[in-house]
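S.K.: Sequential numbering from 774 applies to the first sequence in our numbering.
Even for Gly, the Cβ is constructed at its ideal location relative to N, Cα and C.
My questions will all concern the structure given below.
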Amino acid sequence: MKSGKVARCLTSGIIGNPFSTQPTYHRRRPSNHLKDQLAQLLTDAVVKLQTNGALPADITPTVMIERTRDRSHGDYASNLAMLLAKPARCKPRDIAEQLVAAIETGGHLQKIAIAGPGFINFFLGPEAWHAGISDILAQGDQFGRSDHGKGARIQVEFVSANPTGPLHVGHGRGAAYGAAIADLLEAIGYVVHREYYVNDAGRQMDILAASVYLRYLDLCGEDIMFPANGYQGDYVWDIAATLHREHGDALQHPVAEVFREVPADEPAGGDKEKHIDGLITRIRTLLEETRYRQVFDEGLTAILGNIRQDLKEFGVVYDDWFSERSLSANRAVETGIERLQKSGHVYEQNGALWFKSTDFGDEKDRVIVRDNGQTTYFASDIAYHLNKLERGYDRVIDVWGADHHGYVPRVKAALKALGAEPDKLDVLLVQFAILYRQGEKVAMSTRSGQFVTLRELRHEVGNDAARFFYVMRKGEQHMDFDLDLAKSQSNDNPVYYIQYAHARVRSVFRQLQEKQLEWDQAAGSAGLTALSEDHEQELMINLSRYPEVLEAAALNHEPHLLTHYLRELANDFHTYYNAHTFLVEDAALRNARLNLIEATRQVIANGLGLLGVSAPDNM
RNA sequence: GCGCCCGUAGCUCAGCUGGAUAGAGUACCGGCUUCCGAAGCCGGGUGUCAGAGGUUCGAAUCCUCUCGGGCGCGCCA
774 MKSGKVARCL TSGIIGNPFS TQPTYHRRRP SNHLKDQLAQ LLTDAVVKLQ TNGALPADIT
834 PTVMIERTRD RSHGDYASNL AMLLAKPARC KPRDIAEQLV AAIETGGHLQ KIAIAGPGFI
894 NFFLGPEAWH AGISDILAQG DQFGRSDHGK GARIQVEFVS ANPTGPLHVG HGRGAAYGAA
954 IADLLEAIGY VVHREYYVND AGRQMDILAA SVYLRYLDLC GEDIMFPANG YQGDYVWDIA
1014 ATLHREHGDA LQHPVAEVFR EVPADEPAGG DKEKHIDGLI TRIRTLLEET RYRQVFDEGL
1074 TAILGNIRQD LKEFGVVYDD WFSERSLSAN RAVETGIERL QKSGHVYEQN GALWFKSTDF
1134 GDEKDRVIVR DNGQTTYFAS DIAYHLNKLE RGYDRVIDVW GADHHGYVPR VKAALKALGA
1194 EPDKLDVLLV QFAILYRQGE KVAMSTRSGQ FVTLRELRHE VGNDAARFFY VMRKGEQHMD
1254 FDLDLAKSQS NDNPVYYIQY AHARVRSVFR QLQEKQLEWD QAAGSAGLTA LSEDHEQELM
1314 INLSRYPEVL EAAALNHEPH LLTHYLRELA NDFHTYYNAH TFLVEDAALR NARLNLIEAT
1374 RQVIANGLGL LGVSAPDNM
């Protein structure tokens, strides 16, 4: 017997870790019923071989089942035999034969084969996929959703651009990406809280207020020298004009007063930072707190309102707009600093207060209170992240621009010092998108105000194309955003390609009406065996992948997996469409085919929906 | 200089976290509509996976080094 041969190479060893403590969140291999059933068969086979002595009893292999890449390898495959080869000290193919012999075929499982270096390939009958089609039709827009997250709470903070100007195309990627992963996580059973952190305090906002005020003085007829470090965009003029309309000249002060004793600006041979800080101080003094606040808030409200409108039109919704100012109002920043001090990782040097983040792996220590008594942005961020974790989320996700990557270690260090769990925080970095128009790079520089706004982009290519293109590539990858391609209504454009597939199904059903034919869905479900074409098999199999793709895209924070999947699915559909007619005389066949294409339409609509892209009835 | 990310077809990118012959789109060439939308389909070829070592049954994937590109290294945010 073969088992004798195998028994000779008995040895002990442990494969994998049966007591894996990996949190479910990081489980990256999605499950489905067929896969689980096959895994169970293999597990049973291993046990059987262990009890008859063919395999060592003290090993607990992790059984992995994968979809095959090539249909000649069947539908699913496992590398189990190759994993067992080492501890069992046997040839993989010998073990594979033992395993296969221990499994009975039957039901959906038509055939098992051994191939290549020792893969075990499972071949399923066509009817294995039929239930999936009926599931899609029954579950409709809920299909693909799962309770994988079991209601665990996740907070996703994204965009969070300073309200000092309109959103630009860089923020757009963070918006599309953050919204997509939030929706994806929600779809697989997490309770997601979407949040925008509003930096409505701090120096940048003061610079905006000063910029607005100076433009306002200009409108009052004063002759001003606009600071090099001020915000130069036209929107500042608009805000100043509103201010002037509402207050007339009531806030006016002579330019000589405003600039009195202010250090020289850079063009005049001075320091632009000192110049603007001096201006801010003068303006605050002259206007006094109440009036200064009026100017400040005029800018804040106008810009924040613009940002909110932009995101809303982009299909990006938030549960909360968290104000940085509310942190100071609650003394949260001070409390955070005090707690850090108690942790013993804070010291004073040169009049400033430093957090010893190097104790937790950061490159250098960081200032939390400046020598002028002002707390730093970092101090606010410590308080904010502490606040997030104290709100009891199971996971906290930050989506940041990749240029902030150096900032990650210090935030995690602070959380560690405070006894919070830094591992609950995932910082996802998103690279800037480079725009191309007619093959040329679109030049952009933020400071000069010469950047393409998100709104301009949306108006140029449309919300659908913008949302889709932004998430088409891996987040941490730089991406080239081809404006002409995004605009083009051709097969080159993946968005149109997918939407067209959806519209085509709708169109078929309109034709059904015109031809006065009928669609009996129940009969279709009962007669799916009529779908015997290869194209139909292919489509059914790929439809069954949707829940897995969704889960993988969500858990790995990779919406691009979904865009690629949808493109493949659309391709399967178009191919099928060209090869076969759906509206045939044979009612049984017609019903089955209409069930299949309606299921396809549903999955496309569901997938696009999660990406914030519309699924049109006609193009 | 130090740290992080990256290098895959002419171009833009995937590659299911170590698996089978490395794949799509685009570009280029040629075909397919009396028929549900041709914004579609079919066919045709392309690789020193930047390079060199290493780890093992097996590497584009993990480790080290080199080369090349991006970003970050403030009492800015």
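Give me whichever residues DSSP pairs with residue 1127 in a beta bridge.
M.R.: Note: residue 1127 sits in a beta bridge opposite 1120, 1140.
S.K.: How big is the Cα-Cα spacing for residue 918 and residue 936?
M.R.: When rounded, the distance between both Cα atoms is 35 Å.
S.K.: Select from 1155, 1079, 1293 the residue whose C-alpha is nearest the C-alpha of residue 1113.
M.R.: Out of 1155, 1079, 1293, 1155 has the C-alpha closest to the C-alpha of residue 1113.
S.K.: According to the Cβ coordinates, are residue 956 and residue 1383 closer than 8 Å?
M.R.: Yes, the Cβ-Cβ distance between residue 956 and residue 1383 is below 8 Å.
S.K.: Thinking just about the alpha-carbon of each residue, which of 1124, 926, 1180 is nearest to the one in residue 1134?
M.R.: Of 1124, 926, 1180, the residue nearest in Cα terms is 1180.
S.K.: Out of 810, 1333, 879, which has the shortest C-alpha to C-alpha gap to residue 850?
M.R.: The shortest Cα separation from residue 850 among 810, 1333, 879 belongs to 810.
S.K.: Return yes when the Cβ of residue 971 is within less than 8 Å of the Cβ of residue 1096, no when it is not.
M.R.: Going by C-beta atoms, residue 1096 is nearer than 8 Å to residue 971.
S.K.: Please list the terminal residues of the continuous alpha helix (DSSP H) segment that includes residue 1349.
M.R.: Residues 1333 to 1352.
S.K.: Is it buried or exposed, residue 824, if we count other Cβ atoms within 10 angstroms and call 16 or more buried?
M.R.: Classification for residue 824: exposed.
S.K.: Distance check for residue 1039 and residue 1203, CA to CA, integer angstroms please.
M.R.: In a straight line, the C-alpha of residue 1203 is about 33 Å away from that of residue 1039.
S.K.: Might you give, ordered along the chain, the residues of its own chain that have their beta carbon closer than 6 Å to the beta carbon of residue 1187, omitting 5 neighbours on each side?
M.R.: Cβ within range, chain order: 1155.
S.K.: Which of helix, strand or coil does DSSP assign to residue 849?
M.R.: Here residue 849 sits in strand by DSSP.
S.K.: When the Cα atoms are used, what is the spatial distance from residue 1000 to residue 1243?
M.R.: Approximately 35 Å between the Cα atoms of the pair.
S.K.: What are the residues that DSSP puts in a beta bridge with residue 1168?
M.R.: 927, per the DSSP bridge assignment.
S.K.: Beta-carbon within less than 7 Å of residue 838's beta-carbon, same chain only, minus the 5 sequence neighbours each way: which residues are those?
M.R.: Answer for residue 838: 808, 811, 812, 849, 851, listed in chain order.
S.K.: Taking the alpha-carbon of residue 1081 as reference, which of 1363, 1120, 1132, 938 has the nearest alpha-carbon?
M.R.: If we check each option's Cα against that of residue 1081, 938 comes out closest.
S.K.: Mind checking which residues open and close the beta strand (DSSP E) that includes residue 887?
M.R.: Looking at the DSSP string, the run of the beta strand (DSSP E) that includes residue 887 is 882 to 888.
S.K.: What are the boundary residues of the alpha helix (DSSP H) that includes residue 959?
M.R.: Looking at the DSSP string, the run of the alpha helix (DSSP H) that includes residue 959 is 942 to 960.
S.K.: When you compare only the Cα positions, how much space is there between residue 1396 and residue 1301?
M.R.: Past the edges of the chain, shown from 774 to 1392, lies residue 1396, and the structure says nothing about it.
S.K.: With 16 as the cutoff for other CB atoms within 10 Å, does residue 1027 come out buried or exposed?
M.R.: Its Cβ having fewer than 16 others within 10 Å, residue 1027 is exposed.
S.K.: Hey, residue 734 and residue 968 are a contact pair by Cβ (cut 8 Å); roughly how many whole angstroms apart?
M.R.: Only positions 774 to 1392 of the chain appear in this structure, which leaves residue 734 out of reach.
S.K.: Using the beta-carbon count (16 or more within 10 Å), is residue 1388 buried or exposed?
M.R.: Answer is buried; the Cβ neighbour count reaches 16.
S.K.: If you draw a straight line from the C-alpha of residue 892 to the C-alpha of residue 817, how long is it?
M.R.: Approximately 18 Å, taken between the alpha carbons.
S.K.: CA-CA distance, residue 1235 and residue 1030?
M.R.: Their Cα atoms are separated by approximately 48 Å.
S.K.: Do you know offhand how far residue 1332's Cα is from residue 1323's?
M.R.: Straight-line Cα distance between these residues: approximately 8 Å.
S.K.: Determine the direct distance from the alpha carbon of residue 1299 to that of residue 877, and round the result to whole angstroms.
M.R.: Taking the straight line joining both Cα atoms gives about 27 Å.
S.K.: Tell me the DSSP secondary structure of residue 1298 in three-state form.
M.R.: Note: residue 1298 maps to helix in three-state DSSP.
S.K.: Using the three-state DSSP reduction, which class does residue 1243 fall into: helix, strand or coil?
M.R.: In the structure shown, residue 1243 sits in a helix (DSSP, three-state: H, G or I).
S.K.: Kindly list the residues whose CB is nearer than 6 Å to the CB of residue 1252, restricted to its own chain and excluding five residues on each side of it in sequence; keep chain order.
M.R.: Closer than 6 Å at Cβ, skipping near neighbours: 1206, 1246.
S.K.: Within 10 Å of its beta-carbon, does residue 1157 have 16 or more other beta-carbons around it, so buried, or fewer, so exposed?
M.R.: Looking at its Cβ environment, which holds 16 or more other Cβ atoms inside 10 Å, residue 1157 is buried.
S.K.: Among the residues of its own chain, which have a CB less than 8 Å from the CB of residue 1043, if the five just before and after it don't count?
M.R.: Only 1036, 1037 meet the Cβ criterion.
S.K.: According to DSSP, is residue 907 part of a helix, a strand, or is it coil?
M.R.: Looking at residue 907 - three-state DSSP - the assignment turns out to be helix.
S.K.: Which of the three DSSP states, helix, strand or coil, is assigned to residue 967?
M.R.: In the structure shown, residue 967 sits in a strand (DSSP, three-state: E or B).
S.K.: For my contact list, residue 906 and residue 894 are in at a C-beta cut-off of 8 Å; report their separation, rounded to the angstrom.
M.R.: With a Cβ gap of about 24 Å, residue 906 and residue 894 do not count as contacting.
S.K.: Between which residues of its own chain and residue 1098 is the CB-CB distance below 6 Å, once the five residues before and five after are set aside?
M.R.: Around residue 1098: 973, 974.
S.K.: Exposed or buried, what is residue 1250 when buried is set at 16 or more other beta-carbons lying within 10 Å of its beta-carbon?
M.R.: Flag for residue 1250 reads exposed.
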